[in-house]
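Chemist: Okay, handing you the structure first.
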Amino acid sequence: MTATIVSPRLMRIGGGSVGQIAEVLGLFGLSRPLVVTDPWMLSSGTVERCLAPLRAAGLAPQVFAETVPDPTDTVIEAGVAAFRAGDYDCLIGFGGGSPMDTAKAIAILAAAGPGQKMRDFKVPAQADKAACPILCIPTTAGTGSEATRFTVITDTETDEKMLIAGLGALPLAAIVDFELTYSVPARTTADTGIDSLTHALEAYVSKRANPHADSLALSAMRLIGRHLRIAYHQPQNAAARESMMLGAMQAGLAFSNSSVALVHGMSRPIGAHFHVPHGLSNAMLLPAVTEFGLNDALPRYAEAARAIGVATEEDADQVAGSKLLEELRALNQELGVPTPKEYGIAAGTWEGLLPLMAKQALASGSPANNPRVPTEAEIIALYRKVYA
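Be aware that the sequence shown starts at 3, since it is given in our numbering, and climbs by one per residue.
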C-alpha cells in the first residue's frame, strides 16, 4: 500500500513560542493576517497572546471573533465576508478546535465558486483549494487540528456535522505552545485529552494505518497515557502540559495521515444534535466502540495498551486488550465523563434520533475505516448501549 503523507511546512513547538508568530509569518512573506478566534478568547484577553507580538512587529492584525462551538456554515459565510472585506494575505486560527476549524473552512469557502456552500465540500469531495495560507495556534491539547487536513462544520439546515477533507484545510504552519493551556478548565483538559487519545488509537487501528502514522500514534499514546491524569489533577504541571500538547499534535499528524474510525463517525451526530463538546462525545463512546472492534484488530489494540502503559510486553494480546478496556472505563470514571443520560439528554429524544444519527455516522465514511465495520443496526445498538 502506498501512503500519502501530509503535514504543515513548519511547526514551531515549545513554551513561549506564540511570541514568535510575526517571525513565522515573515518566513513566508506574510504580513496581513486576519485572526480567527472565539468570543471568550477575545473578552478574556487571551487572544492578545497572539496579537501583541504581531503589533510589536509593526503589523496590524484584525480579528474575526464570531466562532461558535461546533462551527456552523453560517458562521463560515460570515467569516468569508469579513475576509473579503479586508486585504488579508493569511488566516490565523487561534484557540481550540473550533477557531482552527473555522479558519480552515473560511479559506476553503473563500476560494469556492459563486453559489457554492460548505456542504459542497463534505467528504467524499476533496477540498484542496484555499484562498490563502492558514496558520494555527492551538490553546488546548486535544483536537490536533493544527496539523491535519480536516475541518468539521455543521450544516444548519440538516444538523449534520460535515467532515471536510483536503489540502485546502492543511495549515501552512503551526505554533504549538503548551503555556497557552495552563488556564484551560479541568473539564476541557479532560475532554480534549481523551479526544487526542481517541485520535491516536483510531489512527493506529484504522484500516488506513501505515508505518509513518503508526509511529506518531504510538508516541502520542505514550505521552497521553502517562500525562493526561496529571494534567487534569495538576493543571500547572509544566511537564504534563507540555507532554499533552506534544501528544495531541502527534495524534493529529497520525490521524491526518491515517484516519479516524467509528468513534468519530458516531460522535459527530451527537455533537450536532445535542451540542455535546466533541471530545466529551468521543469519551462517551470510546470504551464501547473499542470493545466492539477489539477482536478484529486484537494485536493492534494490545500494542496500544502497552504504549498507553496499562499492559506489559509479557501480557498476551487478549490480556492486554482487556486491560485497555479497563483503562478506558477507569479513565472516564476518574475524569468525570457522563453518559448521554447523565449529560441530560432525554431518553425519548435520544431514541427518536438514533436512525438518523446512524445514517449520518455511516455517511461520514469514518466507520468504514474501523477494524470491524458496523451495520446501521449495530451503530444504533451501540448508541443504546452508551446511553444509560
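Backbone N, C-alpha and C fix where the C-beta goes; we use that ideal spot for every residue, glycine too.
Remember, predicted model here, so these are calculated numbers, not experimental data.
For residue 61, which residues in the same chain have their Cβ closer than 8 Å to its Cβ, ignoring the five residues on either side in sequence?
Modeler: 24, 27, 33, 34, 35
Chemist: In the DSSP assignment, what are the bridge partners of residue 140?
Modeler: 97
Chemist: Output needed for residue 191: all residues of its chain with C-beta closer than 6 Å, excluding positions within five of it in sequence on either side, in chain order.
Modeler: 233, 234
Chemist: Please name the residue in 67, 108, 378, 72 whose C-alpha comes closest to that of residue 162.
Modeler: When only C-alpha atoms are compared, the closest one is 72.
Chemist: Would you tell me roughly how many angstroms separate the C-alpha atoms of residue 273 and residue 266, rounded to the nearest one?
Modeler: C-alpha separation (whole angstroms): 10 Å.
Chemist: Tell me the start and end of each unbroken beta strand (DSSP E) in the segment 132-202 that is at least 3 residues and wholly inside, in chain order.
Modeler: 136-140, 152-157, 162-167, 175-178
Chemist: Measure the beta-carbon distance from residue 203 to residue 223 and round it to whole angstroms, keeping in mind my assumption that it falls under 8 Å.
Modeler: 7 Å between Cβ atoms; contact.
Chemist: Residue ranges of each beta strand (DSSP E) run of no fewer than 3 residues wholly in the segment 58-131, ordered along the chain?
Modeler: Whole beta strand (DSSP E) segments, 3+ residues: 64-66, 92-97.
Chemist: For the beta strand (DSSP E) that contains residue 36, what are its first and last residues?
Modeler: 35-38
Chemist: Should the segment 328-335 be called in touch with the segment 250-258, which here means at least 3 C-beta pairs below 8 Å?
Modeler: No: fewer than three Cβ pairs fall under 8 Å.
Chemist: With DSSP collapsed to three states, give me the class of residue 300.
Modeler: helix
Chemist: So if DSSP puts residue 12 in a beta bridge, which residue, or which two residues, is it bridged to?
Modeler: 175
Chemist: Evaluate residue 90 with the Cβ neighbour count: other Cβ atoms within 10 Å of its Cβ, from every protein chain shown; 16 or more gives buried, anything less gives exposed.
Modeler: buried
Chemist: Is residue 260 helix, strand or coil by DSSP?
Modeler: coil
Chemist: Whose CA, out of 7, 53, 31, 41, lies closest to the CA of residue 20?
Modeler: 53
Chemist: In this structure, how does DSSP classify residue 319 when only helix, strand and coil are distinguished?
Modeler: helix
Chemist: On the DSSP letters alone, give me the boundaries of the alpha helix (DSSP H) that residue 362 sits inside.
Modeler: 349-365
Chemist: Under 8 Å, with one C-beta from each stretch per pair, do the segment 237-247 and the segment 337-356 reach the 3-pair mark?
Modeler: Touching, no.
Chemist: According to DSSP, is residue 379 part of a helix, a strand, or is it coil?
Modeler: helix
Chemist: Suppose you measure from the CA of residue 154 to the CA of residue 110; what does that come to, to the nearest Å?
Modeler: Going by the C-alpha atoms only, they are around 12 Å apart.
Chemist: Apart from the five residues just before and just after residue 372, which ones in its own chain have a Cβ nearer than 6 Å to its Cβ?
Modeler: Cβ within range, chain order: 263, 264, 295.
Chemist: Where residue 104 and residue 66 are concerned, what is the direct C-alpha to C-alpha distance, given to the nearest angstrom?
Modeler: 10 Å
Chemist: Starting from residue 294, trace the alpha helix (DSSP H) in both directions and tell me its first and last residue.
Modeler: 280-295
Chemist: Rank 259, 339, 4 by C-alpha distance to the C-alpha of residue 146 and give the top, closest one.
Modeler: 259
Chemist: Does the beta-carbon of residue 118 have 16 or more other beta-carbons within 10 angstroms, so that it is buried, or is it exposed?
Modeler: exposed
Chemist: Cα-Cα, which of 13, 48, 285, 256 is closest to residue 210?
Modeler: 256
Chemist: Nearest-angstrom Cα distance between residue 56 and residue 94?
Modeler: 11 Å
Chemist: So residue 75 packs on residue 120, CB below 8 Å; how close in whole Å?
Modeler: 4 Å
Chemist: If I measure Cβ to Cβ from residue 388 and keep anything under 7 Å in the same chain, skipping five residues before and after, which residues do I get?
Modeler: 286, 287, 290, 341, 342.
Chemist: Pair every Cβ in the segment 132-147 with every Cβ in the segment 177-190, then say whether three or more of these pairs are closer than 8 Å.
Modeler: yes
Chemist: State yes or no: is the C-beta of residue 37 within less than 8 Å of the C-beta of residue 96?
Modeler: yes
Chemist: Do you know offhand how far residue 78's Cα is from residue 127's?
Modeler: Distance between the alpha carbons of residue 78 and residue 127: 18 Å.
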